[in-house]
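In UniProt numbering, the protein residues as written are 1 to 537.
Positions of the beta carbon are idealized from the N, C-alpha and C atoms, including for glycine.
Written out below as structure tokens is the structure these notes cover.
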């Protein structure tokens, strides 16, 4: 099976001139609105500058960044603090002192202590989950979990559910990640000793416990971006996935260079409108992302493999980097938004979550999620004007594009009659992506959705598709549809994540892919899709 997969994927020619991108042509398409369904709208979205960990934000705490995003949203919208009914935030690596970072950030931003706030975690789609959980209607069909509602779901989850249920009219959702200061624990033996010392009553008991401490006890437990079930880092998984689909080192470097080039162009042109300026205490004002660094193929080729050595193809240059940052979006019922004088950016309509056990597939969530969300929206891939995919690794993106362009893969693994189809590169991640802008795990979802909304407005498109993968076998995909001027904008957001595990054997000069043995590691593959309709311009 593995050799068939490799041969099929290597022959794929879905990527043609990845740096070519003409303007999106305005088209008039049907609206995805549904009668009798409550309209929920995205009013605004902002984020702090995304910075490489260990740089300007290094002395802060996660709630500081989340607070800055909330304050930025307040300043951008002018909404009274007492008009917000609920606040939801997503995060992945939690600071133990502020486990409910949503609450701490809200209080720090000046919201009333009467405004409830809670925090969710779902790997790289945590902010997506913050906005989409708790939808009004739920259907379970085998491995697919479909949530139907009429809301604009940019990147988080409970927000939409709260409004759909009629409990709230105004919700702020967002996400934050702070990789500059992650929790580092003592070893388990040392922790047990310290806890026992705290309970010891006599000096003899304390001296006995102290005397039992050995050098091995002092070895700390360092956090890692790895799967708990497999102890494998995402980089290893991405490297093996790239090998399975025949994605070369050159292809990955070319896509990474594309991402940085486009991000730099968008930054210089002032297109990254969601970025707010932030005065870092004791430091200067930060107003732009600092990870955008266009290089050259020659320089990138000098880097050594970061995970599978010496023959791997994933390097620091074609991977997303550890990032600090926070994001926030304002979601309201349409009736409330209009009553307060706001011009919404888009509607939220439908979203789906999918789940299955793929065993030997990793990070292919967009491939599985895209056809599902398009079918629910009654759209085809050709209807989409703007594509925004989360770029965890260049190899992960390229593998998805090749899988989507393969009839054999689609028929063999997805049970579909024909291939999904490849997103045209002239519509794909044209303002950069996570490889260049940065990837604060808990905050990226909001960034993706806000970018789609802005791109659709800028390029005159009507429909957009957002896809994001995440660790732990989860994915969220959002299909976004928007149209400018007198037409309705329709957004379909679809987020999906799929973990694919391959057993990679390193030969002296080549990489060979072998099938995973029955009973080996497997992770749940989950996905989420949502339909969004742009607001009339």
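In terms of alpha-carbon separation, which member of 42, 33 and 190 lies closest to residue 215?
-> 190
Just reading off the beta strand (DSSP E) that residue 467 is part of, what are its end residues?
-> 463-470
Classify residue 186 as helix, strand or coil using the three-state DSSP reduction.
-> coil
Contact set for residue 297: own chain, Cβ-Cβ below 8 Å, skip 5 residues either direction = 250, 253, 254 and 257
Apply the 10 Å Cβ neighbour rule to residue 276 and answer buried if 16 or more other Cβ atoms are within range, or exposed otherwise.
-> buried
Could you pull out every residue in the same chain whose Cβ sits closer than 7 Å to the Cβ of residue 55, ignoring the five residues on either side in sequence?
-> 290
What span of residues does the beta strand (DSSP E) with residue 389 cover, start to end?
-> 386-389
Where the beta strand (DSSP E) containing residue 47 begins and where it ends | 40-47
Spatial distance of residue 186 from residue 97 (CA atoms) | 16 Å
Whole angstroms is fine: what's the gap from residue 165's alpha carbon to residue 88's?
-> 16 Å
Are the segment 370-388 and the segment 449-468 touching by the rule of at least three beta carbon pairs closer than 8 Å?
-> yes
Cutoff 6 Å; reference residue 269; Cβ partners in own chain excluding five residues on either side = none
Pull up the distance between the alpha-carbon of residue 415 and that of residue 409, whole angstroms please.
-> 9 Å
Compute the minimum distance between the beta carbon of residue 285 and the heavy atoms of the ligand COA, and state whether it is under 7 Å.
-> Of the ligands one can find in the structure shown there are none, so the ligand COA has no counterpart to examine.
Residue 181 - partner residues in DSSP beta bridges | DSSP, once it has assigned bridges, lists no residue as partnering residue 181.
To which residues of the same chain is residue 423 closer than 6 Å at the C-beta, ignoring the five residues directly before and after it?
-> 387
Using the beta-carbon count (16 or more within 10 Å), is residue 448 buried or exposed?
-> buried
Alpha carbon to alpha carbon, how far is residue 201 from residue 106?
-> 41 Å
What's the call for residue 293, buried or exposed, on a 16-neighbour Cβ count within 10 Å?
-> exposed
6 Å Cβ shell around residue 219 - same chain, five flanking residues per side excluded | 187
Quick one, are the C-beta atoms of residue 470 and residue 131 less than 8 Å apart?
-> no
Between the segment 315-334 and the segment 70-79, do three or more beta carbon pairs fall short of 8 Å?
-> yes
Using the beta-carbon count (16 or more within 10 Å), is residue 211 buried or exposed?
-> exposed
Go to residue 90, then tell me how far its alpha helix (DSSP H) extends in each direction, as first and last residue.
-> Segment 86-90 is the beta strand (DSSP E) holding residue 90; no alpha helix (DSSP H) there.
When the Cα atoms are used, what is the spatial distance from residue 302 to residue 317?
-> 10 Å
Is the beta carbon of residue 323 less than 8 Å from the beta carbon of residue 227?
-> no
Measuring CA to CA, which of 81, 118 and 124 is closest to residue 112?
-> 81
Among the residues of its own chain, which have a CB less than 6 Å from the CB of residue 264, if the five just before and after it don't count?
-> 292 and 294
Residue 171 and residue 162 closer than 8 Å at C-beta | yes
Roughly how many whole angstroms lie between the Cα atoms of residue 417 and residue 31?
-> 28 Å
For the alpha helix (DSSP H) that contains residue 410, what are its first and last residues?
-> 407-413
Decide if residue 397 is buried, meaning its Cβ has at least 16 other Cβ atoms within 10 Å, or exposed.
-> buried
Is residue 333 closer than 8 Å to residue 29 when the C-beta atoms are compared?
-> no
Between which two residues does the alpha helix (DSSP H) carrying residue 239 extend?
-> 234-244
Reduced DSSP secondary structure (H/G/I, E/B, other) of residue 213 | coil
How should residue 425 be labelled, buried or exposed, when 16 other C-beta atoms within 10 angstroms of its C-beta is the threshold for buried?
-> buried
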